[in-house]
Amino acid sequence: IIGLYRLRISSIEATEIDDDFIALLASSSVIADHLHIPLQSGSETVLKRMNRRYRISDFIKTVEKVRQARPGIAITTDVIVGFPGETDAEFDETVALIRAISFSELHVFPFSKRENTAAAKMSDQVESEVKKKRVNTLLKISEELHRDYEQNYYGKTLDVLFEDFNEADQTYRGHTSNYLEVHLKCQENLSGKVSSITYRGPKNSELKKA
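Using my numbering, you'd call the opening residue of the sequence shown number 21 and step up by one each time.
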């Protein structure tokens, strides 16, 4: 597409990432340095109950290929906790895998029954309090992982596509190619523009002077 500056892929399954996609990722300057690849669970047995068509080993290999093709890329993921029958040991497997892969951020969801689905009819439903505790555990890990990831870019010059203006705090909000959010106060109208910044965190970054 002529004139396209940045193409962000909102979500892609690990099973959809083939060699052609990896080659495109390695050669394209338009595709953003961020992929959202849903994991759902880091336990092989839970994935089997979910009827997911991939194995943990395949997921890990896919992530490794992505990172080889695009070093420094941000990889975020979805995780569902409390799927029927999920034991403490299975949840611990998920935690261990998340830390091993070192995602840049997690989107965490408690399992919720949907009528007329096989999962809703399973007898070994996980108690709400257990699901809540597991969600909170992963949210804390997500904060830690995101903090570790963004600290790699402190002091570096990054390009930000500013998307909108926040009336509440009078800042322009945008994202870097690797999906770091930036809020910046500026007299100039930055909406819809790409500007270079010195990254010092979401709210302390500075506009680079021309």
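We treat Cβ as the ideally placed atom computed from N, Cα and C, and that holds for glycine.
Please return the same chain residues whose Cβ sits closer than 8 Å to the Cβ of residue 201, not counting the five positions on each side in sequence.
Numbered from 1 along the sequence shown, position 181 holds the residue referred to as residue 201. 193, 194, 195, 222.
Please return the same chain residues whose Cβ sits closer than 7 Å to the Cβ of residue 184, not counting the five positions on each side in sequence.
Numbered from 1 along the sequence shown, position 164 holds the residue referred to as residue 184. Cβ neighbours of residue 184 beyond the five flanking positions: 193, 211.
Of the residues 80, 66, 121, 53, which one's Cα is nearest the Cα of residue 27?
Within the sequence shown, the letter at position 7 stands for residue 27. Checking every option, the nearest Cα to that of residue 27 belongs to 53.
Is the separation between the beta-carbon of residue 58 and that of residue 33 shorter than 8 Å?
Sequence index remark: in the sequence shown, residue 58 carries index 38 (1-based). Sequence index remark: in the sequence shown, residue 33 carries index 13 (1-based). Yes.
Could you name the residues that DSSP lists as bridge partners for residue 130?
Residue numbering aside, residue 130 sits at position 110 when the sequence shown is read from its first letter. Answer by DSSP bridge pairing, in chain order: 101.
Residue 112 by DSSP, collapsed to three states: which one?
The residue given as residue 112 occupies position 92 in the sequence shown. Of the three classes helix, strand and coil, the one that applies to residue 112 here is helix, per DSSP.
Going by DSSP in three states, residue 139 sits in which element: helix, strand or coil?
Position 119 of the sequence shown, counted from the start, is the residue given in the question as residue 139. DSSP places residue 139 in helix when its eight states are reduced to three.
Does the Cβ of residue 94 have 16 or more other Cβ atoms within 10 Å, making it buried, or fewer, making it exposed?
By one-based count along the sequence shown, residue 94 stands at place 74. It counts as buried.
For residue 136 and residue 61, what's the separation of their Cα atoms in angstroms?
For the purposes of this step, residue 136 is taken as residue 116 along the sequence shown, with counting starting at 1. For the purposes of this step, residue 61 is taken as residue 41 along the sequence shown, with counting starting at 1. In a straight line, the C-alpha of residue 136 is about 22 Å away from that of residue 61.
For residue 41, does the three-state DSSP call read helix, strand or coil?
As a position in the sequence shown, residue 41 is number 21, starting the count at 1. Helix, per DSSP.
On the criterion of 16 or more Cβ atoms from any shown chain inside 10 Å, does residue 102 qualify as buried, or is it exposed?
Numbered from its first residue, the sequence shown carries residue 102 at position 82. Residue 102 comes out buried.
Looking only at its chain, what residues have a beta carbon closer than 7 Å to the beta carbon of residue 65, apart from the 5 residues adjacent to it on each side?
Residue numbering aside, residue 65 sits at position 45 when the sequence shown is read from its first letter. Within the same chain, residue 65 has close Cβ partners 110.
So which of 199, 206, 177, 178 has the shortest CA-CA distance to residue 187?
For the purposes of this step, residue 187 is taken as the residue at position 167 of the sequence shown. Measuring from the Cα of residue 187, the nearest candidate turns out to be 206.
Please state whether DSSP places residue 107 in a helix, a strand or coil.
By 1-based counting over the sequence shown, the position of residue 107 is 87. Of the three classes helix, strand and coil, the one that applies to residue 107 here is coil, per DSSP.
So, using beta-carbon positions, are residue 215 and residue 177 closer together than 8 Å?
Taking the first residue of the sequence shown as position 1, residue 215 is located at position 195. Taking the first residue of the sequence shown as position 1, residue 177 is located at position 157. No; because the gap between Cβ atoms is not below 8 Å, this pair is not in contact.
What three-state label does DSSP hand residue 186 in the structure shown?
Against the sequence shown, residue 186 aligns to sequence position 166. Reduced to three states, the DSSP call for residue 186 is strand.
Which two residues bound the contiguous alpha helix (DSSP H) that contains residue 202?
Taking the first residue of the sequence shown as position 1, residue 202 is located at position 182. It is not in any alpha helix (DSSP H) - residue 202 instead sits in the beta strand (DSSP E) that spans 201-204.
Return no unless some Cβ of chain C is closer than 8 Å to the Cβ of residue 39.
In summary, chain C is missing from the structure at hand, where a single protein chain is found.
Report yes if the C-beta distance between residue 104 and residue 145 is below 8 Å; otherwise report no.
Here residue 104 refers to the residue found at position 84 when the sequence shown is read from its first residue. Here residue 145 refers to the residue found at position 125 when the sequence shown is read from its first residue. Closer than 8 Å, so yes.
Just how far apart, CA to CA, sit residue 138 and residue 154?
For this step, residue 138 is matched to residue 118 along the sequence shown. For this step, residue 154 is matched to residue 134 along the sequence shown. Rounded to whole angstroms, residue 138 to residue 154 spans 23 Å at the Cα level.
Should residue 96 be labelled buried (16 or more other beta-carbon atoms within 10 Å of its own) or exposed?
One-based indexing of the sequence shown puts residue 96 at position 76. Burial call: buried.
Start and end of the alpha helix (DSSP H) containing residue 169?
Counting from 1 along the sequence shown, the entry for residue 169 is found at position 149. Note, residue 169: alpha helix (DSSP H), 148-171.
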